[in-house]
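Scroll down for the structure; my scribbles are underneath it.
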Amino acid sequence: MPTARTVAGFLLALLPLIATPGASLALLVRQIGEHGRRRAVPVVLGTVTGLAVHAGLALAGLAGLTAHHPGALTAVRIAGGAYLIGLAVLTWRSAGRAAGRRPRHDGPAFVQALLANVLNPKAASIYLTLLPQFLDAARPLPAQVLVLAAAHAALLAAWLLGWTALLARTAPRPRPWATRATAAVLLALGLRALA
Numbered sequence: 054m055p056t057a058r059t060v061a062g063f064l065l066a067l068l069p070l071i072a073t074p075g076a077s078l079a080l081l082v083r084q085i086g087e088h089g090r091r092r093a094v095p096v097v098l099g100t101v102t103g104l105a106v107h108a109g110l111a112l113a114g115l116a117g118l119t120a121h122h123p124g125a126l127t128a129v130r131i132a133g134g135a136y137l138i139g140l141a142v143l144t145w146r147s148a149g150r151a152a153g154r155r156p157r158h159d160g161p162a163f164v165q166a167l168l169a170n171v172l173n174p175k176a177a178s179i180y181l182t183l184l185p186q187f188l189d190a191a192r193p194l195p196a197q198v199l200v201l202a203a204a205h206a207a208l209l210a211a212w213l214l215g216w217t218a219l220l221a222r223t224a225p226r227p228r229p230w231a232t233r234a235t236a237a238v239l240l241a242l243g244l245r246a247l248a
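Residue numbers (my numbering): 54 to 248.
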């Protein structure tokens, strides 16, 4: 098990990365804007499940694989960029619907958030580069990774739930400009991942 100081240091290192707007926040804005705050929980759960996938892959040796095969990380980055661009297109199209129509679901929010996180190069890099700096080789690695991943998930969930409370107050009904802004953010993130 990592020490409390190690966990605190890991969370402090994560804080600027979590506070930087990304795909999870963009999805959250879209889901709350179009469907209300009830769709926030699946986005949060999908996002933290994605973190669990990254932690599991790190334990399974993905870090060693990408060190020997740098193309593996490039493939994840390209898939993630393409997925975010696809989400941007769906989001932009949803803003064009008539104001009186009930929004249709473009797929389960949980699955969208899970894929956005699993295919996110920023999330992958946390578990490939940052996490190993907080591991003690003299202690059992699975327990350390589990505790640090759980702390990461708790911090990210708190961040997204804080945004949920704020967005639910300020965006009680769908606004086309907010949906289009979300689409632009997703598009920019997708293009950046492909660059």
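All C-beta atoms, glycine included, are put in the ideal place defined by N, C-alpha and C.
Cα separation between residue i and residue j?
| i | j | result |
| --- | --- | --- |
| G56 | F187 | It is Thr, not Gly, that sits at residue 56 in the sequence shown. Each residue's Cα considered, the two are about 10 angstroms apart. |
| L213 | L168 | 17 angstroms |
| F63 | R192 | 17 angstroms |
| R245 | Q197 | 32 angstroms |
| P74 | L219 | 15 angstroms |
| G153 | Q84 | Note that G153 scores 46 on pLDDT, short of 50, meaning its location in the model is unreliable; the coordinates nonetheless yield the value given after this. C-alpha separation (whole angstroms): 17 angstroms. |
| G114 | W216 | 34 angstroms |
| L67 | H205 | 8 angstroms |
| M54 | V200 | 7 angstroms |
| P95 | N170 | 13 angstroms |
| P156 | R91 | Confidence at P156 is low in this model, with a pLDDT of 47, below 50, so its placement is unreliable and the value that follows should be read with caution. The alpha-carbon atoms of P156 and R91 are separated by roughly 14 angstroms. |
| T223 | H88 | 14 angstroms |
| P174 | L181 | 10 angstroms |
| P185 | L110 | 13 angstroms |
Suppose contacts are defined by Cβ-Cβ distances below 9 angstroms. Is residue i in contact with residue j by that definition?
| i | j | result |
| --- | --- | --- |
| L183 | L112 | no |
| I179 | L70 | yes |
| S250 | L172 | Because the chain spans 54 through 248 in this model, residue 250 falls outside it and cannot be assessed. |
| A236 | V142 | yes |
| A251 | A221 | With the chain covering only 54 through 248, there is no way to say anything about residue 251. |
| A202 | L98 | no |
| D189 | T59 | yes |
| A162 | L80 | yes |
| I131 | L240 | no |
| V82 | A234 | yes |
| P166 | G243 | Before going further, note that residue 166 is Ala rather than Pro in the sequence given. No, they are not a contact pair. |
Could you spell out the range, first to last residue, of the alpha helix (DSSP H) harbouring residue i?
| i | result |
| --- | --- |
| T102 | 93 to 112 |
| I179 | From DSSP, I179 is part of no alpha helix (DSSP H); its letter is neither H nor E. |
| N170 | 162 to 171 |
| R222 | 194 to 223 |
| G89 | Element bounds for G89: n/a, residue is neither H nor E. |
| L188 | Premise fails: L188 is in no alpha helix (DSSP H) and is neither H nor E. |
| G62 | 57 to 72 |
Relative to the ligand NAD, is the shortest distance from any of its heavy atoms to the C-beta of residue i smaller than 8 angstroms?
| i | result |
| --- | --- |
| A206 | This structure lacks the ligand NAD, and indeed carries no ligand of any kind. |
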